[in-house]
Amino acid sequence: MKTILLICITACMSLELMASDTSAYFSRFSIGGAYGAGNMKQLGINLNLTSKRNYTYSVMLLNEYRVAPEKPKDYYSGGFFSSDVIYHRINSIAITLGKSFIDKENTIKFNLQGGISMGESSYPYNFIPVAKSGFLFDFGPSHTYDLRRREVVGLILHPNVEFILSRYVGLRLGGLAHVNPVYSSYKAEICLLFGILRPKY
C-alpha cells in the first residue's frame, strides 16, 4: 500500500509539472546505458525526457550489486564455468523529476534530479558447509545458503552533467545516491546516451 501511494504521489507531481509546462511537448529525449561504482556497483538503462521549459523526467531500471557480506572466504560454487562470487542484489525501477540548465551553445546540460524507487533486495545469508562427497573431483558447491528477499522503497538523488557530443549522441557523468532501509548506496556513474539530445533549429 505504501508503494502504491508513493507511485501515485510521484505520478501526480509529474502530471502537475507537465500541465504547467505550456510548451506541452518534449524537445529532447534519450535512452542510455549506465555503469556505476561505489559501495555497490550498478548496471542500468534509462529513458530521459526534457521539456522545452527544461523540466526533466526519467525512468531508470537499476541492477545494484555487491559481494554478499556473509559469504565465507572458502566458498566455491562448483563446476567448471560457475562464478565463486555471491552477490547481494537490489533490483529496482526509479522515477525521477528535475530541472535542467543548458549552456547557450547546447553542448553541456546540467541536471538536478530526485525521485523514488521501488524494487526487491536479495540477500544471501546462513551459509552452511556441505560435506565432501569423497570423490577425487567434487563438482558441488562448498556451502548452501538462504536468500532473504524483501521489497524496497527508497529515494533517489541524481545530479549529473551531460556532454552533448552531437545531436544524437551524448555522455553523462554524475553521482547517484539510492537511500533505502536495506542498504543505501552512493556511486559515481557514467552513461552513454542516444536520442534527440539537441533540438533542431
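Counting in the numbering used here, the sequence shown runs from 17 upward without gaps.
Positions of the beta carbon are idealized from the N, C-alpha and C atoms, including for glycine.
| query | result |
| --- | --- |
| Alpha carbon to alpha carbon, how far is TYR51 from SER138? Give it in angstroms, no decimals. | 20 Å |
| To which residues does DSSP link PHE143 through a beta bridge? | Paired residue(s): none; PHE143 is not in a bridge. |
| Among the residues of its own chain, which have a CB less than 7 Å from the CB of ASN142, if the five just before and after it don't count? | TYR161, ASP162 |
| Pop quiz: TYR92 and PRO157 are said to be a contact at Cβ under 8 Å. What is the actual Cβ separation, rounded to whole angstroms? | 7 Å |
| So, using beta-carbon positions, are LEU213 and SER46 closer together than 7 Å? | yes |
| Under a three-way DSSP split, which group does THR123 fall into? | coil |
| Check this for me: beta carbons of MET76 and ALA110, under 7 Å apart or not? | yes |
| From ASN64, ILE132, SER200, pick the residue whose C-alpha is nearest to that of GLY54; which is it? | SER200 |
| Going by the beta-carbon positions, is the gap between VAL177 and LEU189 smaller than 7 Å? | yes |
| Buried or exposed for TYR73, please, with buried defined as at least 16 other CB atoms from any protein chain shown within 10 angstroms of its CB. | buried |
| Let me confirm a value: ARG164 is counted as buried when at least 16 other C-beta atoms fall within 10 Å, else exposed. Which label applies? | exposed |
| Just verifying my parser: in three-state terms, what is the DSSP assignment at TYR161? | strand |
| DSSP on ALA84, reduced to helix/strand/coil? | coil |
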